[in-house]
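Okay, so here's the structure we're looking at.
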Amino acid sequence: MLNAKLRSVLADCSKLLLRAPDRGRVVESWSHVFGDIRIVFRWQHTGKGKSAADEPVRPNKKQRVRRERKWKTSSGERYVPPPKKRQLGVSFGESHFRETDCYLEGGLRKVRPYYFDFETYCKGRWVGKSLLQIFSSEFRRTKPIEYYWAAARAGRLWLNEEPVQDLNIVLKNNDFMRNTVHRHEPPVTAQPICILAENEEVVVVDKPSSLPVHPCSRFRHNTVIFILGKEHNLRELHPIHRLDRMTSGVLIFAKTPEVSKRLHGQIRERQLEKEYVCRVVGEFPECELTCEEPILIFYEVGSLCVDPKGKPCKTVFQRLSYNGKSSVVRCFPYTGRTHQIRVHLQFLGHPIVNDPIYNRNAWGPTKGKNGNIDKTDDELLKNLVEEHRAKQSLDILDLSEDNLKLVIEGRDFEESGISQPATVDVSSVDFSVKGEIAKESCQSPDVKIEEGKTISEGCGPNEQETHRVSKDPLCGECKIERPDPTPKDLVMYLHALRYKGAEFDYSTTMPEWALEHWQED
Numbered sequence: 001m002l003n004a005k006l007r008s009v010l011a012d013c014s015k016l017l018l019r020a021p022d023r024g025r026v027v028e029s030w031s032h033v034f035g036d037i038r039i040v041f042r043w044q045h046t047g048k049g050k051s052a053a054d055e056p057v058r059p060n061k062k063q064r065v066r067r068e069r070k071w072k073t074s075s076g077e078r079y080v081p082p083p084k085k086r087q088l089g090v091s092f093g094e095s096h097f098r099e100t101d102c103y104l105e106g107g108l109r110k111v112r113p114y115y116f117d118f119e120t121y122c123k124g125r126w127v128g129k130s131l132l133q134i135f136s137s138e139f140r141r142t143k144p145i146e147y148y149w150a151a152a153r154a155g156r157l158w159l160n161e162e163p164v165q166d167l168n169i170v171l172k173n174n175d176f177m178r179n180t181v182h183r184h185e186p187p188v189t190a191q192p193i194c195i196l197a198e199n200e201e202v203v204v205v206d207k208p209s210s211l212p213v214h215p216c217s218r219f220r221h222n223t224v225i226f227i228l229g230k231e232h233n234l235r236e237l238h239p240i241h242r243l244d245r246m247t248s249g250v251l252i253f254a255k256t257p258e259v260s261k262r263l264h265g266q267i268r269e270r271q272l273e274k275e276y277v278c279r280v281v282g283e284f285p286e287c288e289l290t291c292e293e294p295i296l297i298f299y300e301v302g303s304l305c306v307d308p309k310g311k312p313c314k315t316v317f318q319r320l321s322y323n324g325k326s327s328v329v330r331c332f333p334y335t336g337r338t339h340q341i342r343v344h345l346q347f348l349g350h351p352i353v354n355d356p357i358y359n360r361n362a363w364g365p366t367k368g369k370n371g372n373i374d375k376t377d378d379e380l381l382k383n384l385v386e387e388h389r390a391k392q393s394l395d396i397l398d399l400s401e402d403n404l405k406l407v408i409e410g411r412d413f414e415e416s417g418i419s420q421p422a423t424v425d426v427s428s429v430d431f432s433v434k435g436e437i438a439k440e441s442c443q444s445p446d447v448k449i450e451e452g453k454t455i456s457e458g459c460g461p462n463e464q465e466t467h468r469v470s471k472d473p474l475c476g477e478c479k480i481e482r483p484d485p486t487p488k489d490l491v492m493y494l495h496a497l498r499y500k501g502a503e504f505d506y507s508t509t510m511p512e513w514a515l516e517h518w519q520e521d
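Residue 1 is where the sequence shown starts when you use UniProt numbering, and the numbers rise one by one after that.
Next up, the structure:
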């Protein structure tokens, strides 16, 4: 018994020497080891067993973190707390839904500007660099460095839950950063989300055009995930597939991770049958047509094109009708590449009638037919932006705002309709405006949106005052007045008509623009 106990104590000693690199922790841990040795010899000479009072008290995690922070602080070293555990999956609750609210106006669904915290842990390539270096090298294209100095003075930059006083602070591994910004979301169509089916496993909806499936880029509250959670109390949903923002139709969500895993397995095994309908330019061939051209993404542009170096794809097309100007075509994609149907139709010379990307003159005289694109990525992006800029429809492009700014760099940002990285006059900034304004705006978990409501209608006097002062002094978007798109601008003639799997079959009615005798205004 004694030898076994001594062997255990000596094993603890050897482990201690290996894992305790600093002297303070070695001395403290050795006291526990010597305490164990004293108890062993006491048992040997007195014959008494070890009591509960003799057990050495091991510090819990909170005590160890507090002790480590105290030791590092006393030695002049900046303390970095251990990373927090984060819940996996996409889940949004009341705190997210209360960030702002929405209203309907002119056939559009709009979101009131709100304050939002971008949060991230220090990336590996940032370790050893100062905040100033990171903002200058990786974020200078979107905002000038003067903005970040002003944001720090305004208390909008936080490092490990403490306000940043100096941008020259050097980052360490596990540093947690938070940046409060003033967000403006583009409007989307006011068409409601129709729930096609719901049971204990799935929710199936008819997604309107212009709505992203989940938060991305400039969209957060104007997304299917947020609207279902906020207005239909359908939360913790798992998308089974995705639709492009401008594509409407059948969209399936699983209610549990287990159901999601099972349905995704069917997709991987190609057990999912997908059927789309679209309206294309010109007279599409009457015979069934199969396109198997590989697709390659233009990384700088965000769009795709047919290219031998691309990924393999297959789409089957069947013409349903022709009205003398355009054709309604049924599409069966056998693979699920991004923009696959749109790119294949462009290659065939019959792009979707109102496709904001693939039916543009920016692609050249043939608009990309047969893959003829005699332009570089930069030239194509520049021409696409210029074309939409002339029509004041930049928000319709599925391109990142950073890429838009790169194209317009050196020009008048006010004219381009893009958020401008203008020089911030720090002397005129009211640093008391940090986020309290938007967080106190009139919101309710039971959302009731009515057509024609203005920004201040339905709010109390104090809340009306809040909206009158909701412009942010550091926000470039607040300085720009953009014309709203029309509801017609936010509809693309591509619709997911049917999704069929081994255990389900969901479909919608044919959209109005796909009817045989439909004529565009």
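C-beta atoms are modelled at their ideal positions from N, C-alpha and C, and glycine is treated no differently.
Since the structure is predicted, the reported quantities are computational estimates derived from the model, not experimental observations.
- Message: Under DSSP, the beta strand (DSSP E) around L108 begins and ends at which residues?
- Response: L108 to V111
- Query: Whole-angstrom Cβ separation of V80 and D175, contact assumed at under 8 Å?
  - Reply: 6 Å
- Measure the alpha-carbon distance for R242 versus T338 and round it to whole angstroms. 9 Å
- Query: Rounded to the nearest angstrom, how far is the Cβ of T210 from that of V188, given a contact under 8 Å?
  - Reply: In the sequence under discussion, the amino acid at residue 210 is Ser, which differs from the Thr named in the question. Yes, they are in contact, since the Cβ atoms of S210 and V188 sit about 4 Å apart, within 8 Å.
- Task: Quick one: measure Cβ to Cβ for L296 and K309, integer angstroms, because I've assumed they're closer than 8 Å.
- Result: 6 Å
- Task: Assuming T508 contacts L196 (C-beta within less than 8 Å), just tell me the rounded distance between them.
- Result: 7 Å
- Item | Backbone CA spacing between P356 and M492 [nearest angstrom] | 8 Å
- Would you mind sorting P351 into buried or exposed? The rule is 16 or more other CB atoms within 10 Å of its CB. buried
- Message: With distance defined between alpha-carbon atoms, name the residue in K85, G106 and Y322 nearest to K488.
- Response: G106
- Query: Less than 8 Å separating the beta-carbons of V213 and L263?
  - Reply: no
- Task: Would you mind sorting F219 into buried or exposed? The rule is 16 or more other CB atoms within 10 Å of its CB.
- Result: buried
- Query: What's the call for C278, buried or exposed, on a 16-neighbour Cβ count within 10 Å?
  - Reply: buried
- Query: Just curious, the beta strand (DSSP E) that R262 is in, first and last residue?
  - Reply: Per DSSP, R262 belongs to no beta strand (DSSP E); it is in the alpha helix (DSSP H), P257 to R268.
- Name the DSSP bridge partner or partners of G249? K207 and A496
- Message: Give me the residue from G229, Y114, F135 and E146 with the minimum Cα distance to G93.
- Response: G229
- Minimum length 4: unbroken alpha helix (DSSP H) runs contained in the region 342 to 376: none
- Item | Whether F332 touches V306 by CB criterion (8 Å) | no
- Cβ-Cβ distance between L167 and A152 below 8 Å: yes
- Message: Could you give the first and the last residue of the continuous alpha helix (DSSP H) run that contains V224?
- Response: V224 to E231
- Query: F504 to E200, Cα distance in whole Å?
  - Reply: 14 Å
- Query: Run through DSSP, which three-state label would Q191 get?
  - Reply: coil
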